[in-house]
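Q:
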Amino acid sequence: MISYHHETKIFKLDTQTTTYMMGIADNKYLGHIYYGKKLEYQDLSYMLRTQEHPFVPSKLSREKLSFLDSFPMEYPFSGTGDFRESCIDIRDKNGQSGLELLYAGHRIYDGKDKLQGLPAVWGEGCQTLEIALEDVCVGVRVLLSYSVFEDSDALMRSVKVENIGTDAVYLERALSACLEMDDEDFEIISLSGAWARERHIKRQPLLSGSFVTESVRGESSHQDHPFLAAVSQNCTQTCGDVYAMHFVYSGNFLAKAQRTQFGSLRMALGIHPDRFCWKLRAGETFQAPEAVLVYSDAGLGKMSRTLHDLYRNHLIRSSYKDKERPVLINNWEATYFDFHTEKLIEIAKQSAALGIEMLVMDDGWFGHRENDDSSLGDWIVNEEKLPGGLKYLVDEVNKLGMKFGIWFEPEMISPDSKLYEKHPDWAFHLKGRMPSRARDQLVLDLSRPEVVDYIYDSISNILHSANIEYVKWDMNRALADIGSDALAPDRQGELSHRYMLAVYELQERLITEFPDLLLENCSSGGARFDPGMLYYSPQIWCSDDTDAIERLMIQEGTQLLYPMSAIGAHVSDCPNHTVGRVTPFETRGITALAGTFGYELDITKISEQERNMVPGQIAAYKKYAPLIREGNYYRIASYRENHKYDCYEIVSKDRSQAAVFFVQVMHEPSVKSRKIKLQGLSEHAVYEVDGRQYTGAALMYAGLLRERMYGDFQAEVIEVHQVSDRTE
Ligand code: DGJ
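Count along the sequence shown starting at 1, add 155, and that's the number in the numbering used here.
Right, here's the structure in full:
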């Protein structure tokens, strides 16, 4: 899968259908040669264009600066002549910044080393190339890692920076990946939005200058997403080129695409350099997180399926990853903070009778939390609300045959809490300045080991106190006033990343001590829906917007990158609490099938008619769960684009069955039946749909006809079964 060709000094990495090539120019500069469709080995070093002016420095030293500013650097450095986006900046003992990273060796090995303290892709059938670049002047070594798996088309990259000098240096930028290629008038795809409007797909031309998508909020965020793709203008779901980068990290990030004066496009991705500064003493190393790269020659659909398979097979670790998740009911939208044991038991009783399998008690069970202005940090059960304590409640719920789950927001502290009274300095704060509250809460300084231990012990004690089988780990504000009394002045720039490392450490400890726990991450809805979090939890709450129509766009953007088994989706109350829209209960159920199914409403208050529909919805979830968890995803139509209807399809890996999920958002009068062209089936196999038989080719190329449904917000699931053996 990975080879080095001595004569030409070319590195070649092959995945199932792609090739990635780099070369060493002038015996020292590592340049990018090719990324695209799989190629046989050939000397493509001409792509480095070193035979053209300004040539390489050994040939034309008087134009070295022009060389550095135009060469397709594999890992660009700055301060010495490359004025494009750089991946690394180091301030040395003289207070100066400027690097020239030159090739110093490489090794190819089977497997893939762990990334110390960070989430990363793992598994068998893998090879890794590690290339060392050095700057002897500053005394740093940079190790670039590239891993490929036998069963995946993705390429994983990460970077480790080592101080090989004798003095401390300050790492002010350490991005994880760069990709430079000839610009072919690519368009840029990113995901962006806001609270309750996360991960909407955006596509735009990049005419000149740069496109940036980023977060400096200390979380991957509602607003932007650590993903960037350059696509050919003809790119659709099924055709065209896609060059995608996705970051396995949950904190600040920068993703940038830059059109250069020489007609190239440079894409870079990594930890955001704003306010980032990591001190590296002699001998110390810094590990930058992992970036996943995908090239697709068959449009966005192939990119999505590559990422879905990679994340299902090589990122998510939980034992739940291949298991059916319990159908849950969460009391948040049912009661908000206003609940007590009896109310929860009543919800559980009625839920159990309808086939719901787990009760999740959300925010408000601890300290004196009657609303969102107190008690975070005081993880002690409020026995006024829960007389008899947690054990009594959980036992009662268990007696009904249901599992029990609980909510935490471990990273936060309320100024109105016992914890804050005792340890005001445990909240992030800048010296002499009152930190800004958000939702009346402050952020714990997780760079302090004693804080991490306190939080961990609090969660662990609660989990040991009763039979709790699920945790919803929430995080409800962005990081600001990031300062710590416990860290030296020249290390304050490390705090955002140290915070993320501590969150990862806490979750690692949690799933190690409680391996059977089902952990669901959440951040004010979907502000930390990212690959980093998937390493710890097999599912993430997608958005606080549970409206079935708003969810279509949120889920489409999420499905672009993530397997549906990771997407927390629930049926909620109407009028919807966020947007006030009224949608049929059936449509809410079908929209929520796009993930881990559950309910977010007061089951004791919904109508008899709706209550009667619950068992059928649960049966549908159970029927489609294996397909949704394991199958291939195809986007057929986008409500975001057509403003009328939404449609996607899941096909089993052996292509013997499929389910098509269709939501008609708008009923248009006087139009004929709608054509839906399926994807991913076997051309020659015969399938049955609604009692009629079709070849796969007919379903894919001619399509199915669907009658218009009467009214807005109507939905249906179309089942497709193979009835005769495949002949291809
Ligand atoms: C934000 C989450 O997204 C909600 O589901 C809920 O858990 C609230 N926080 C509780 O404060």
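Glycine included, every Cβ here is placed at the ideal spot set by N, Cα and C.
Here the structure is a predicted model, which means the values were calculated and not measured.
Would you mind working out which of G191, H160, V295 sits nearest T170, comparing C-alpha positions?
A: Minimum Cα distance to T170 is reached at G191.
Q: Can you determine whether any heavy atom of ligand 1 sits closer than 7 Å to the C-beta of N731, and answer yes or no?
A: No, since every heavy atom of ligand 1 falls outside the 7 Å radius drawn around the Cβ of N731.
Q: When we look at the beta-carbon of R107 and count the other beta-carbons within 10 Å, is it buried (16 or more) or exposed?
A: No statement about residue 107 is possible, as the shown extent of the chain runs from 156 to 883 and does not include it.
Q: On the DSSP letters alone, give me the boundaries of the beta strand (DSSP E) that T742 sits inside.
A: Looking at the DSSP string, T742 is not in any beta strand (DSSP E); the run it does join, the alpha helix (DSSP H), is 740–747.
Q: From the DSSP output, in three-state form, read off D464 for me.
A: Helix at D464.
Q: Taking 7 Å as the line, does the beta carbon of S679 fall inside it for any heavy atom of ligand 1?
A: The answer is yes for S679.
Q: Do D801 and A814 have their beta-carbon atoms positioned less than 8 Å apart in this structure?
A: Not closer than 8 Å, so no.
Q: Going by beta carbon distance, what residues of the same chain come within less than 6 Å of V276, once the five residues before and after it are set aside?
A: M311, H469, L470.
Q: Would the beta-carbon of Y184 fall within 8 Å of that of H160?
A: Contact: no.
Q: Name the DSSP beta bridge partners of I722, please?
A: I695.
Q: Taking Cβ to Cβ, would you say S347 is nearer than 8 Å to K357?
A: Yes, they are a contact pair.
Q: Can you list, in chain order, the residues of its chain with a C-beta nearer than 8 Å to that of Q378? Leave out the 5 residues immediately preceding and following it.
A: These residues qualify, in order along the chain: S347, G348, A349, S370, R372.
Q: Please classify V552: does DSSP put it in a helix, a strand, or coil?
A: In this structure, V552 counts as helix in the three-state DSSP scheme.
Q: Can you tell me whether P781 is buried or exposed? The criterion is at least 16 other CB atoms within 10 Å of its CB, across all chains shown.
A: By the 10 Å Cβ count, P781 comes out exposed.
Q: Just list the residues that DSSP pairs M311 with in beta bridges.
A: Answer is S302, V447.
Q: Can you tell me which residues form a DSSP beta bridge with N318?
A: N318 pairs with V295.
Q: What three-state label does DSSP hand S678 in the structure shown?
A: Strand, per DSSP.
Q: Could you pull the DSSP bridge partners for C281 from this structure?
A: The partner list for C281 (beta bridge, DSSP) reads F304.
Q: Go ahead and label N318 buried or exposed: buried means 16 or more other beta carbons lie within 10 angstroms of its beta carbon, across all protein chains shown.
A: N318 is buried by the Cβ-count criterion.
Q: To which residues does DSSP link L483 through a beta bridge?
A: The partner list for L483 (beta bridge, DSSP) reads M513, G753.
Q: Check for me: the beta strand (DSSP E) holding T415 runs from which residue to which?
A: Element bounds for T415: n/a, residue is neither H nor E.
Q: The beta strand (DSSP E) spanning T850 covers which residue range?
A: It spans 847–850 - the beta strand (DSSP E) in which T850 sits, taken as one unbroken run.
Q: Which two residues bound the contiguous alpha helix (DSSP H) that contains A780?
A: Note, A780: alpha helix (DSSP H), 763–785.
Q: E564 and N631 look like a contact to me (Cβ under 8 Å); what is the Cβ gap, rounded to whole Å?
A: Confirmed, about 6 Å.
Q: Could you tell me how far apart the beta carbons of V806 and L836 are, in whole angstroms, since I believe they sit closer than 8 Å?
A: Going by Cβ atoms, the distance from V806 to L836 rounds to 7 Å, so yes, they are a contact pair.
Q: Given a threshold of 16 other Cβ atoms within 10 Å of its Cβ, counted over all protein chains shown, does Q848 qualify as buried or as exposed?
A: So Q848 ends up on the exposed side.
Q: Can you find the residues in the same chain that come closer than 6 Å, C-beta to C-beta, to Q694, ignoring five residues on each side of it along the sequence?
A: If we look at Q694 and ignore the five residues flanking it on each side, its Cβ neighbours are E675, A721, G723, T751.
Q: Tell me whether W581 sits in a helix, a strand or coil according to DSSP, three-state version.
A: W581: helix per DSSP, three-state reduction.
Q: Leaving out five residues before and five after E883 in sequence, what residues of the same chain have Cβ atoms less than 8 Å from its Cβ?
A: Caution applies to E883, whose pLDDT of 48 falls short of 50 and renders its modelled position unreliable; the value that the coordinates give is listed next. These residues qualify, in order along the chain: S837, E838, H839, A840.
Q: On the DSSP letters alone, give me the boundaries of the beta strand (DSSP E) that K808 sits inside.
A: That residue, K808, is in no beta strand (DSSP E); it is neither H nor E in DSSP.
Q: How far does the alpha helix (DSSP H) with Q150 in it extend, from its first residue to its last?
A: This structure does not reach residue 150, given that the chain is present from 156 up to 883, and the question cannot be answered.
Q: Relative to ligand 1, is the shortest distance from any of its heavy atoms to the C-beta of D517 smaller than 7 Å?
A: Checking every heavy atom of ligand 1 against the Cβ of D517, one is found closer than 7 Å.
Q: Applying the criterion that 16 or more other CB atoms from any shown protein chain within 10 Å of the CB defines a buried residue, is L330 buried or exposed?
A: Under this definition L330 is a buried residue.
Q: Consult DSSP for G560 and reduce its assignment to one of helix, strand or coil.
A: Strand at G560.
Q: Would H495 pass as an interface residue toward chain C - the criterion being a Cβ-Cβ separation below 8 Å?
A: Chain labels in this structure do not include chain C; a single protein chain is all it has.
Q: For ligand 1, I want to know if N537 counts as a neighbour, meaning its beta carbon is within less than 7 Å of at least one of the ligand's heavy atoms.
A: Because no heavy atom of ligand 1 lies under 7 Å away, the Cβ of N537 does not count as near it: no.
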